[in-house]
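Numbering-wise (the working numbering), the sequence shown opens with residue 41 and increments by one.
Cβ coordinates follow ideal geometry from the N, Cα and C atoms, glycine included.
The structure appears below as C-alpha cells.
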Amino acid sequence: DRLKRRKSAALANQLRLAMLIAGVDIMGAPGGTVSAVHGEREIEHTVAAFRQAVRLIEAEGGIRR
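Structure representation (C-alpha cells):
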C-alpha cells in the first residue's frame, strides 16, 4: 500500500532494481507483467522476490513501516 501511494520515479526505480537482485524483471513499471507461460512456480518466485525487494527498500530508508 505504501508503494502505491508514493508516486515516485526514484522509488519505482528502487523497486525495479531490488526485484532484479531477486531475479525478477518487472520491465520498468511497478505493475508487473504476467504471461501465459508463468506458472505457480514463477508466481511464487515473484511474490518472494517482491517481499525481499520491499524489505531491502525499507532497510535503505526508501519506505517506512
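Could you check the C-alpha separation between R95 and L57 for me, to the nearest Å?
-> Locating residue 95 in the sequence shown gives position 55, counting from the first residue. Locating residue 57 in the sequence shown gives position 17, counting from the first residue. About 13 Å.
Hey, how far is the Cα of V64 from the Cα of R91?
-> As a first step, residue 64 must be located in the sequence shown, where it is residue number 24. As a first step, residue 91 must be located in the sequence shown, where it is residue number 51. Rounded to whole angstroms, V64 to R91 spans 12 Å at the Cα level.
Return the residue from the list L55, A49 and A89 that minimises the CA-CA distance to E100.
-> Here the question's residue 100 lines up with position 60 in the sequence shown. Taking only the C-alpha atoms, the option nearest E100 is L55.
For A89, collect the residues of the same chain with a Cβ closer than 6 Å to its Cβ; drop the 5 residues on either side in sequence, then sort them by chain order.
-> Taking the sequence shown and counting its residues from 1, the one referred to as residue 89 is at position 49. Taken in chain order, the residues that qualify are M59, A62 and V64.
Helix, strand or coil at H85 according to DSSP, with G and I counted as helix = The count along the sequence shown starts at 1 and reaches residue 85 at position 45. H85: helix per DSSP, three-state reduction.
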